[in-house]
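For reference, the structure is listed below as C-alpha cells.
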Amino acid sequence: MKKQIIMLLALVSGLELSAQWQMKTVDNGFDEPFRVAYSESTTGKEFIKLYNSSVSGYVGLLMYEGYMCADNPGVEMSFLVNGKWEKYELLYGVTSEDKKLFYILTSVKSIETDFRAASMLKIRVTDDHCGTEIYEFNMKGSAAALDFMLGGQP
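So the sequence shown is residues 13 to 166, counted in my numbering.
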C-alpha cells in the first residue's frame with residue numbers, strides 16, 4: 013500500500029510539473045546564454061514558448077504544433093481570466109519554412125494583463141487548407157514566466 017501511495021504521488025506531481033510554465037536559461041557554449049519559458053498543451057502534443065525578439069526587442073509567442081499547412085493561417089486567442097473568456101483576434105501567424113513552428117505575430121505586451129492573470133489559454137488556428145484546430149494551455153506560472161523573460165528572477 014505504501015508503494016502505491018508513493019507511485020500515485022510521483023505520478024500526480026509529474027503531471028502538475030508538465031502542465032505549467034517552465035523556465036530555464038540555456039547556454040549552448042557558443043552564443044550568449046538566453047532565457048526560455050514554455051508550456052505544453054493539455055494534450056502534451058504541442059507547446060507554446062515565449063521568445064525574445066532581437067529585431068523588435070519584445071517578447072513574442074511561438075507555438076510548435078507538428079505541422080501547419082498554410083504559411084499565414086488566421087489566429088485567435090482566448091484567455092480564461094476569473095471565469096470569463098477574454099478574446100483576441102489576430103490577423104495571422106507565420107509558419108517556419110519546415111512548417112513545424114508557428115509564430116504568433118503579437119507582442120506579449122499587447123495581451124500582458126490577460127496573459128499574466130489567465131488560468132487557461134486557448135488558441136484557434138484557422139487554415140484554408142487544413143481546417144481549424146483549437147489548442148489549450150494551462151497558464152499556471154505565466155506571470156512568473158513573463159517576468160523571467162523580461163529579465164526578472166523566476
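Glycine residues also receive a C-beta, built at the ideal position from the N, C-alpha and C atoms.
Within the same chain, and ignoring the five residues on either side of PHE160 in sequence, the residues whose Cβ sits closer than 8 Å to its Cβ are MET35, ARG47, ALA49 and PRO166. Going by DSSP, GLU52 is part of the beta strand (DSSP E) stretching over 46 to 52.
If the five residues before and after PRO85 are omitted, its C-beta is found closer than 7 Å to the C-beta atoms of TYR104, GLY105, VAL137, THR138 and ASP139, all from its own chain and listed in chain order. Contact holds between the stretch 75 to 82 and the stretch 58 to 65, because three or more Cβ pairs, one in each stretch, are under 8 Å apart. By the CB criterion at 9 Å, MET89 and LEU117 fall outside the cutoff. By the neighbour-count definition (other C-beta atoms within 10 Å, threshold 16), TRP97 is an exposed residue. Within the same chain, and ignoring the five residues on either side of VAL38 in sequence, the residues whose Cβ sits closer than 7 Å to its Cβ are PRO45, PHE46 and VAL48. Taking ASP83 as the centre and dropping the five residues before and after it, the same chain places the C-beta of VAL106 and THR107 closer than 8 Å to its C-beta, in chain order.
The alpha-carbon of SER53 is positioned some 26 Å away from that of ASN40. Residue nearest to TYR115 within the set ASN94, SER154 and LEU102 is LEU102 (criterion: CA-CA distance). When the beta-carbon positions are compared, SER119 and VAL87 stay at least 9 Å from each other.
Excluding the 5 residues flanking it on each side, LYS152 has same chain C-beta neighbours closer than 6 Å at GLN32, in chain order. Per DSSP, reduced to three states, the secondary structure at MET132 is strand. Annotated three-state conformation of THR118 is coil, per DSSP.
The residue among ASN94, CYS81 and ASP126 with its C-alpha nearest the C-alpha of TYR100 is ASP126.
For PHE91, the enclosing beta strand (DSSP E) begins and ends at 86 to 93.
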